Amino acid sequence: MTTRLLLASRNAKKLVELRRILAATSAGEQVELIGLDDVAEYPEVPESGLTFAENALIKAREGAQQTGLPTVADDSGLAVDALNGMPGVFSARWSGRHGDDEANLQLVLDQIGDVPDEHRGGGFVCAAALVWPDGREQVVEARMLGRIIRTPRGRNGFGYDPIFVPEGYQQTSAELSADAKDAISHRGKAFRGLADLIAAELH
Ligand SMILES: O=P(O)(O)OP(=O)(O)OP(=O)(O)OC[C@H]1O[C@@H](n2cnc3c(O)ncnc32)[C@H](O)[C@@H]1O
Ligand SMILES: [Mg+2]
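Residue numbers (our numbering): 1 to 203.
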């Protein structure tokens, strides 16, 4: 018997990655992954937290409370060393327009345009939160380290992928295949960790 698990994200491209990542884990056979389009609409909650974990919990708690389903949520973003960890939790709306990936990544390039190659490090962070209907909560956080290049490359993935080269790679995370990105990404690592907790609970 499978358990319905709500993926509480309104980012369609992130949802594609979350479904793919969780389906490939041991929990994949135990849960039926559903998205916000599969439940009665509820208002988006303001991500008022100052950390990825806080925001992921805000989103997962809301989903569990609104639907009574076990709910996972992802809060993630790009932390640039030369910007003291920003855009961070403001990644989705860095340019002032939520979800405008092109404007967001261009603003980061403009902001660090004069930063030399050796100081263009950074990393993606993902906090994966799981809230059970009885209120129990778990959060797993993971990172993908790398550097910010000067000219966007690649069409895969989403967000800041075109300007991010993972450590040990030449390609940007937008030039990697979906499976190659999942294998090393902050989201892949965080949700594989959470999937172990889900599988233990539902075994
Ligand atoms: O909150 P939800 O509804 O999940 O959707 P969102 O797009 O608002 O998601 P976040 O608040 O977690 O913000 C994530 C932003 O960080 C960036 N980001 C996160 N993961 C990324 C990835 O794997 N590749 C590129 N950019 C990423 C991208 O700009 C996202 O818009
Ligand atoms: Mg968001």
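Ideal placement from N, C-alpha and C gives every residue a C-beta, glycine not left out.
It should be emphasised that the depicted structure is a prediction, and the values quoted were computed from it without experimental measurement.
Task: Element boundaries [alpha helix (DSSP H), containing Q111] - done: Start and end: 101-111.
Open item on the list: Taking the alpha carbon of P43 as the reference point, which residue from S26, G63, G28 has its own alpha carbon closest?
Closed with: Selected option, being the one with the closest Cα: G63.
- [ ] Give, in chain order, every unbroken run of the alpha helix (DSSP H) that is at least 4 residues long and sits entirely within the stretch 35-82.
- [x] 52-67
TODO: Could you tell me if G168 is buried or exposed, where buried requires 16 or more neighbouring beta carbons within 10 angstroms of its beta carbon?
DONE: Looking at its Cβ environment, which holds fewer than 16 other Cβ atoms inside 10 Å, G168 is exposed.
Task: Cβ-based burial, E17 [other Cβ within 10 Å; buried from 16] - done: Residue environment analysis places E17 among the buried positions, since at least 16 neighbouring C-beta atoms fall within 10 angstroms of its C-beta.
- [ ] Considering only heavy atoms of ligand 2, list every residue whose Cβ is less than 6 Å from one of them, following chain order.
- [x] E47, A92
- [ ] Could you say if the stretch 87-98 and the stretch 142-158 meet the contact criterion of at least three C-beta pairs nearer than 8 Å?
- [x] In short, these stretches do not touch, since the Cβ pair count stays below three.
Open item on the list: Given this structure, state the Cα-to-Cα distance separating A208 from C126, to the nearest angstrom.
Closed with: Residue 208 cannot be examined here, being either before or after the span of the chain that is shown, 1 to 203.
- [ ] With V165 as the anchor, note down where its beta strand (DSSP E) starts and where it stops.
- [x] Counting along the chain, the beta strand (DSSP E) containing V165 begins and ends at 164-166.
- [ ] Assign F124 to one of three DSSP states: helix, strand, or coil.
- [x] strand
Open item on the list: Quick check: the stretch 20-37 against the stretch 103-120, are at least 3 beta-carbon pairs closer than 8 Å?
Closed with: Verdict: no, contact absent.
Task: Per-residue DSSP class, three states only, for G21 - done: The sequence given here has Ile at residue 21, not Gly. Of the three classes helix, strand and coil, the one that applies to I21 here is helix, per DSSP.
Open item on the list: Considering just the uninterrupted stretch of the alpha helix (DSSP H) at A199, what are its terminal residues?
Closed with: 186-202
TODO: From the DSSP output, read off the bridge partner residues of I148.
DONE: F164
Open item on the list: Tell me which residues share the same chain as L145 and place their Cβ nearer than 8 Å to its Cβ, disregarding the 5 neighbours each side in the sequence.
Closed with: G121, G122, G123, P166, E167
TODO: Could you say which of T71, N104, G135 lies nearest to A8 if we only look at CA atoms?
DONE: T71
Task: Cutoff 7 Å; reference V115; Cβ partners in own chain excluding five residues on either side - done: A82
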